[in-house]
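Worksheet: the structure to be examined is printed underneath.
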Amino acid sequence: MREVLTPGKLSISDRFYLVTHTSLTQIPPSPTTGTHKVKYHPSEDQDFRLHVDHTPVDLTLIMPHYRALHQPVGHKMSMVVRNRSGPTKLKVCRNTPLSRFYLEVHSDTSDVTVWVPSDFKGRIFHTGKATFSAGFFNRIMRNARINEPFAEDLPNEDNIFVHTQGHIMFRMWDIQACGPENVPKETLKRLFGCARRAPETTIDWDFLIED
Numbered sequence: 006m007r008e009v010l011t012p013g014k015l016s017i018s019d020r021f022y023l024v025t026h027t028s029l030t031q032i033p034p035s036p037t038t039g040t041h042k043v044k045y046h047p048s049e050d051q052d053f054r055l056h057v058d059h060t061p062v063d064l065t066l067i068m069p070h071y072r073a074l075h076q077p078v079g080h081k082m083s084m085v086v087r088n089r090s091g092p093t094k095l096k097v098c099r100n101t102p103l104s105r106f107y108l109e110v111h112s113d114t115s116d117v118t119v120w121v122p123s124d125f126k127g128r129i130f131h132t133g134k135a136t137f138s139a140g141f142f143n144r145i146m147r148n149a150r151i152n153e154p155f156a157e158d159l160p161n162e163d164n165i166f167v168h169t170q171g172h173i174m175f176r177m178w179d180i181q182a183c184g185p186e187n188v189p190k191e192t193l194k195r196l197f198g199c200a201r202r203a204p205e206t207t208i209d210w211d212f213l214i215e216d
């Protein structure tokens with residue numbers, strides 16, 4: 006059974022949003038913790054939407070491994086998360102590269118951590134400074150275009166947009182292990198140069214950190 010929001014755990018403003026929002030959309034109330042399977046919603050602007058103010062968010066978002074009935078071939082699963090000040094952690098999981106996605110995360114001051122699937126290929130735009138885990142650097146960086154000017158939306162690419170004044174961390178979701186990156190293993194690869202060299206980017210590597 007899919008986990009839903011527990012009103013007793015939410016702030017007054019968050020509960021008010023749920024009451025007003027759910028009457029205007031066909032998307033079921035979104036959870037703030039646990040695992041959630043993202044489904045195609047043809048009558049909505051987004052396939053997943055979560056708006057809260059001060060509630061911590063720790064979600065595993067599972068992309069569908071099949072194309073839904075009437076879903077356009079080039080459709081990207083669209084997800085938007087807004088959290089004014091609560092910490093936000095999102096794990097984007099998939100087992101097929103055919104399930105392309107578009108993720109937006111908006112916040113005023115929240116710290117945001119995003120686990121990106123290891124087969125990611127596309128564009129990542131973020132405000133302020135961001136840090137990248139060893140797994141992200143080893144497996145994803147070569148296929149990611151960081152903060153490049155947006156020219157056109159390519160159908161075979163993923164897109165991530167993170168806007169916050171808080172700290173941003175990008176980590177790797179290992180699609181082969183079906184779990185978060187093995188930090189010691191990926192750190193050793195990084196330290197001993199076992200991973201392929203990533204192309205030059207405009208990132209300030211003084212901000213590259215490890216656990």
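Under our numbering, think of the first position of the sequence shown as 6, with each following residue one higher.
Note that beta-carbon positions come from the ideal geometry of N, C-alpha and C, so glycine has one too.
Pick from Arg147, Ile151, Phe137 and Ser35 that is closest to threonine 192, judged by C-alpha positions: For the purposes of this step, residue 192 is taken as residue 187 along the sequence shown, with counting starting at 1. Closest option to threonine 192, Cα to Cα, is Phe137.
Straight-line gap, threonine 37 to phenylalanine 125 (C-alpha atoms, nearest Å): One-based indexing of the sequence shown puts residue 37 at position 32. One-based indexing of the sequence shown puts residue 125 at position 120. For threonine 37 and phenylalanine 125, the distance between alpha carbons rounds to 24 Å.
C-beta atoms of proline 69 and serine 35 nearer than 8 Å: Within the sequence shown, the letter at position 64 stands for residue 69. Within the sequence shown, the letter at position 30 stands for residue 35. Contact flag unset, no.
Three-state secondary structure (DSSP) of serine 35: Along the sequence shown, read from residue 1 onward, the residue named residue 35 stands at position 30. It is coil, neither helix nor strand.
Three-pair Cβ contact test at 8 Å for the region 132 to 151 versus the region 79 to 87: no
Buried/exposed call for arginine 72, threshold 16 Cβ in 10 Å: As a working mapping, residue 72 is identified with position 67 in the sequence shown. Exposed: under 16 other Cβ atoms inside 10 Å.
Three-state secondary structure assigned by DSSP to glutamate 109: Looking up residue 109 in the sequence shown gives position 104. Of the three classes helix, strand and coil, the one that applies to glutamate 109 here is strand, per DSSP.
Burial state of threonine 101 (16 or more Cβ within 10 Å): Position 96 of the sequence shown, counted from the first residue, corresponds to residue 101. When all chains shown are included, threonine 101 counts as exposed.
Among Val117, Met174 and Ser123, the one whose alpha carbon lies nearest that of isoleucine 180: Counted from its first residue, the sequence shown places residue 180 at position 175. Comparing Cα positions, the closest option is Ser123.
Burial state of aspartate 52 (16 or more Cβ within 10 Å): Reading the sequence shown from its first residue, position 47 is the one you call residue 52. By the 10 Å Cβ count, aspartate 52 comes out buried.
Where phenylalanine 142 sits in the DSSP three-state scheme: Working through the sequence shown from its first residue, we reach residue 142 at position 137. If DSSP states are grouped into helix, strand and coil, phenylalanine 142 belongs with the helices.
Buried or exposed (CB count within 10 angstroms, at least 16 for buried), phenylalanine 197: For the purposes of this step, residue 197 is taken as residue 192 along the sequence shown, with counting starting at 1. With fewer than 16 Cβ atoms within 10 Å of its Cβ, phenylalanine 197 is classed as exposed.
Limits of the beta strand (DSSP E) - the one that proline 122 falls within: Residue 122 sits at position 117 when you count from the first residue of the sequence shown. That run of the beta strand (DSSP E) goes 117 to 122.
Segment limits, alpha helix (DSSP H) that includes lysine 194: Stepping through the sequence shown from its first residue, residue 194 is reached at position 189. Element bounds for lysine 194: 188 to 196.
Complete runs of the beta strand (DSSP E) confined to the region 36 to 70 [at least 3 residues]: 38 to 42, 53 to 57 and 62 to 67
N-terminal and C-terminal residue of the beta strand (DSSP E) that cysteine 3 is part of: One cannot answer for residue 3 here, as it falls past the ends of the chain, which runs 6 to 216.
Which of helix, strand or coil DSSP assigns to asparagine 148: Position 143 of the sequence shown, counted from the start, is the residue given in the question as residue 148. Asparagine 148: helix per DSSP, three-state reduction.
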